[in-house]
Amino acid sequence: MCGRPGSNEEVSVKDEAQRESLPIRQRLSPGGLARWRPPAVLALIPAWNEAARIGPIVEATRAHLPVLVVDDGSTDGTAEVAQAAGATVVRHPENRRKGAALQTGFAWALEHGYDAVLTLDADGQHDPAEIPKFLAALEGGAEGLIIGERDFSQMPWPRWWSTPLGTWLLSLALGTRVTDNQSGYRLVTRRFLEQLHLTSTGFEMEVEMIAEAVRLGFPITWVPIRTIYGIDKPSYFHPLKDTLRFLRMIWKIWRRRRNER
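Residues 24 to 284 (our numbering) are what the sequence shown spells out, left to right.
1) Quick one: grab the DSSP three-state call for G78.
2) In this structure, does DSSP put P242 in helix, strand or coil?
3) For the region 129-194, list the beta strand (DSSP E) runs that are entirely contained and at least 3 residues long, ordered along the chain.
4) Counting only the same chain and skipping the five closest in sequence on each side, list residues whose C-beta sits under 6 Å from that of R120.
5) Distance check for V246 and R281, CA to CA, integer angstroms please.
6) How big is the Cα-Cα spacing for I104 and E283?
7) How is the alpha helix (DSSP H) around T101 delimited, first residue to last?
8) Going by CA-CA distance only, name the one from T186, R114, A165 and E82 that's closest to F215.
9) On a Cα-Cα basis, can you pick out the residue from G167, A123, G171 and L143 that is closest to K156?
10) Identify the continuous alpha helix (DSSP H) that holds L216 and give its terminal residues.
11) Report the rounded CA-to-CA distance for A107 versus E82, giving the unit in angstroms.
12) My assumption, with CB atoms under 8 Å, is that V230 sits in contact with N204. Please give the rounded CB distance.
13) Rank L195, L210 and A196 by C-alpha distance to the C-alpha of A132 and give the top, closest one.
14) Quick check on L193: buried or exposed, where buried means 16 or more other Cβ atoms within 10 Å of its Cβ?
15) Quick check on DSSP: helix, strand or coil for L270?
16) In whole angstroms, what separates the C-alpha of V90 from that of R279?
17) Using 8 Å as the threshold, is the C-beta distance between L141 and L88 below it?
18) Spatial neighbours of H115 within its chain, please: C-beta separation below 6 Å, excluding the five flanking residues on both sides.
19) Going by beta carbon distance, what residues of the same chain come within less than 8 Å of T222, once the five residues before and after it are set aside?
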């Protein structure tokens, strides 16, 4: 089980150089003799007008991890429901889009001393019961970015063709194989977050994070997950606008890679 900041389980490590070479399950805060503790992981849920669904998601997630909900300008009481379910809540005064909510949560997690952040959606598409898969990968030594890889065969037909196509385009732009470019169920380590430079604020930010991991030399680990479709709710994905943003991001990634050769 992953711990929280301030856990008392400790093992001495000789020096800082040795500490930095260890996987996260053995690495500790710098200064003097570093000491080992289980990694402190925060669950981050960005939410916009999800009052009807957020409560059970928070409760199920809290069985594994402490939860931060970033309420992205909701007008339906999402923040109050999340707080009543046991989450810490940070609010945006107006809707700033999913990527901006994630960035707010990442900054909060770094400020409060967490070693990693696990993100999942507020609409019920990600099953909190699968959180142990991510924690096992982290404690097994995975670094950088751990992404839940969806089964494309279970997707509704409009996504069935668009998601694999987008994944193929991103792989082409990066020059390395990507198996799921848009999964929002992922875990990000502190070392990666501290070096991460993001420019986007929408759904395309999840693509940008993959590109940043490749650029910075952080490994990407894939864990199989199931995704729950058929949820009765409006989609906040705008096919035309968000597809254009995605294509612009792919172009930016490809151009930067070509210029860095």
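Ideal Cβ positions, reconstructed from N, Cα and C, are used throughout, including at glycine.
Taking the definition as stated:
1) Reading the sequence shown from its first residue, position 55 is the one you call residue 78. Taken through DSSP and simplified to helix, strand or coil, G78 comes out as helix.
2) Numbered from its first residue, the sequence shown carries residue 242 at position 219. Looking at P242 - three-state DSSP - the assignment turns out to be coil, as it is neither helix nor strand.
3) 139-142 and 168-172
4) Residue 120 sits at position 97 when you count from the first residue of the sequence shown. Answer for R120: T224 and G225, listed in chain order.
5) Position 258 of the sequence shown, counted from the start, is the residue given in the question as residue 281. Position 223 of the sequence shown, counted from the start, is the residue given in the question as residue 246. So the alpha carbons of these two residues sit roughly 30 Å apart.
6) The residue you call residue 104 lines up with position 81 of the sequence shown. The residue you call residue 283 lines up with position 260 of the sequence shown. Note on identity: in this sequence residue 104 is Val, with Ile being the wrong assignment. Answer to the nearest angstrom: the Cα atoms are 47 Å apart.
7) The count along the sequence shown starts at 1 and reaches residue 101 at position 78. Segment T101 to A107, the alpha helix (DSSP H) holding T101.
8) Along the sequence shown, read from residue 1 onward, the residue named residue 215 stands at position 192. If we check each option's Cα against that of F215, A165 comes out closest.
9) By 1-based counting over the sequence shown, the position of residue 156 is 133. Ranking G167, A123, G171 and L143 by Cα distance to K156 puts G171 first.
10) For the purposes of this step, residue 216 is taken as the residue at position 193 of the sequence shown. Looking at the DSSP string, the run of the alpha helix (DSSP H) that includes L216 is R213 to Q218.
11) The residue labelled residue 107 in the question sits at position 84 within the sequence shown. The residue labelled residue 82 in the question sits at position 59 within the sequence shown. Cα to Cα, the separation comes out at about 10 Å.
12) On the sequence shown, residue 230 is found 207 positions in, with the first residue counted as 1. On the sequence shown, residue 204 is found 181 positions in, with the first residue counted as 1. 5 Å between Cβ atoms; contact.
13) Residue 132 sits at position 109 when you count from the first residue of the sequence shown. If we check each option's Cα against that of A132, L210 comes out closest.
14) Reading the sequence shown from its first residue, position 170 is the one you call residue 193. By the 10 Å Cβ count, L193 comes out buried.
15) In the sequence shown, counting from the first residue as 1, residue 270 sits at position 247. Residue state, collapsed to three classes: helix.
16) By 1-based counting over the sequence shown, the position of residue 90 is 67. By 1-based counting over the sequence shown, the position of residue 279 is 256. Put simply, the backbone Cα of V90 is about 36 Å away from that of R279.
17) For this step, residue 141 is matched to residue 118 along the sequence shown. For this step, residue 88 is matched to residue 65 along the sequence shown. Yes, the pair counts as a contact, with Cβ atoms nearer than the cut-off.
18) What you label residue 115 is simply residue 92 of the sequence shown in a count that begins at 1. D95 and G96.
19) In the sequence shown, residue 222 corresponds to position 199, counting from 1. Exclusion of the five residues before and after T222 leaves E231 as the residues of its chain whose Cβ lies within less than 8 Å of its Cβ.
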